[in-house]
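Undergrad: In our numbering, the protein residues as written are 5 to 189. Just so you know, even glycine gets a beta-carbon here, dropped at the ideal spot from N, CA and C. Remember, it's a predicted structure, so these values are computed and weren't measured experimentally.
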Amino acid sequence: MATKNSSSSRRKLLSPESLYQRPPPLVPDSIISQGHQEAVKDLIKEADKNVQKFESIANRSATELYRLSTVFPFDFFPDTIIIDLAKVSLVTRVFFFTERIHSVFIQDILDVFIETSLFFATLNIVDQGFVENLITIRYLKKDQAIKARRIIQGLVVARKQGIELSALIPTSDLVSKLENIGSAR
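What follows is the structure, encoded as structure tokens:
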């Protein structure tokens, strides 16, 4: 008889109604709702941070610091170098209406150096993420290549120091200061 009573008490404990009933909360509902509100506030703050970060990146890439091109008679389809706060874009043209754009992020640039001759210069960028590792643009005007190297080197130094340049200085002053930093290194 004892076995029948114990099996009927087990059935009462495992009834479907008892499985779906909510156990009494260990923490009062007011504390749960307060914790929920704090979690929502944290999520909103994180979302705002991400939006600001995204806008900062968009502003950096929209700010063109310097642009230079190769000299026409020596390069039938002139290549272009565009330097902004986030990257250096190399636009290589091979034929009419064709171009290849290769962007190198400032943090990926290991070194920048130029080779000069009497009238022209060659700009070399060492990229850690590129398989060939060396990007070369020939037949640049000598003074423009020197200025581009200084600006890129200044951006690399600022990035390695962790300096955020997008909101600090107006673009006209920024280029001259980056040149000063780049020429000192």
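According to DSSP, is S37 helix, strand or coil?
TA: Looking at S37 - three-state DSSP - the assignment turns out to be helix.
Undergrad: Cα-Cα, which of G166, I141, R154, I48 is closest to L182?
TA: With distances taken between Cα atoms, L182 lies closest to R154.
Undergrad: Cα-Cα, which of K146, L144, N184, K145 is closest to A162?
TA: Residue N184 is the option with its Cα nearest to A162.
Undergrad: Less than 8 angstroms between the CB atoms is what I'm expecting for F124 and Y143, so what's the real figure, rounded?
TA: With 8 angstroms as the limit, F124 and Y143 qualify as a contact, their Cβ atoms being about 5 angstroms apart.
Undergrad: Let me make sure I understand the geometry here. Which of L122, L94, N54 has the alpha-carbon closest to that of D131?
TA: Nearest option by C-alpha distance: L94.
Undergrad: Using the C-alpha atoms, what's the distance from T126 back to S75?
TA: In the sequence as displayed, the identity of residue 75 is Val instead of Ser. In a straight line, the C-alpha of V75 is about 11 angstroms away from that of T126.
Undergrad: Jot down the residue ranges of each uninterrupted alpha helix (DSSP H) in the segment 82–113, minimum 4 residues, whole runs only, in chain order.
TA: Taking only runs of at least 4 residues, no alpha helix (DSSP H) segment lies wholly in the segment 82–113.
Undergrad: Can you list, in chain order, the residues of its chain with a C-beta nearer than 8 angstroms to that of M5? Leave out the 5 residues immediately preceding and following it.
TA: Low local confidence applies: a pLDDT of 49 at M5 is under 50, so the model's placement there is unreliable, with the coordinate-based value given in what follows. Answer for M5: no residue qualifies.
Undergrad: State the CB to CB distance for the pair D88 and E59, rounded to an integer number of angstroms; the pair is presumed to be in contact (CB under 8 angstroms).
TA: Actually they are not in contact, since the Cβ atoms of D88 and E59 sit about 15 angstroms apart, beyond 8 angstroms.
Undergrad: Taking 9 angstroms as the threshold (C-beta atoms), are A90 and I113 in contact?
TA: Cβ distance not < 9 angstroms, so I113 and A90 don't count as in contact.
Undergrad: Given a cut-off of 9 angstroms, decide if S187 and Q157 are closer than it, judged by their beta-carbon atoms.
TA: In this structure, S187 lies closer than 9 angstroms to Q157 by Cβ.
Undergrad: Drop a sphere of 10 angstroms on the beta-carbon of K151, count the other beta-carbons inside from all chains shown, and report buried for 16 or more, exposed for fewer.
TA: Under this definition K151 is a buried residue.
Undergrad: Could you have a look at E68 and say whether DSSP puts it in helix, strand or coil?
TA: The answer is strand: DSSP assigns E68 an E or B state.
Undergrad: Taking only the alpha-carbon atoms, compute the straight-line gap between R104 and T96 and give it to the nearest angstrom.
TA: Between R104 and T96, the C-alpha separation is close to 5 angstroms.
Undergrad: Pull up the DSSP beta-bridge partners for F117, would you.
TA: N128.
Undergrad: Does S37 pass the burial test, meaning 16 or more other C-beta atoms within 10 Å, or should it be called exposed?
TA: S37 is exposed by the Cβ-count criterion.
Undergrad: Just the Cα atoms here: how many angstroms apart are V44 and V108?
TA: Each residue's alpha carbon lies about 38 angstroms from the other.
Undergrad: Going by beta carbon distance, what residues of the same chain come within less than 8 angstroms of T175, once the five residues before and after it are set aside?
TA: The answer, listed in chain order, is T67, L69.
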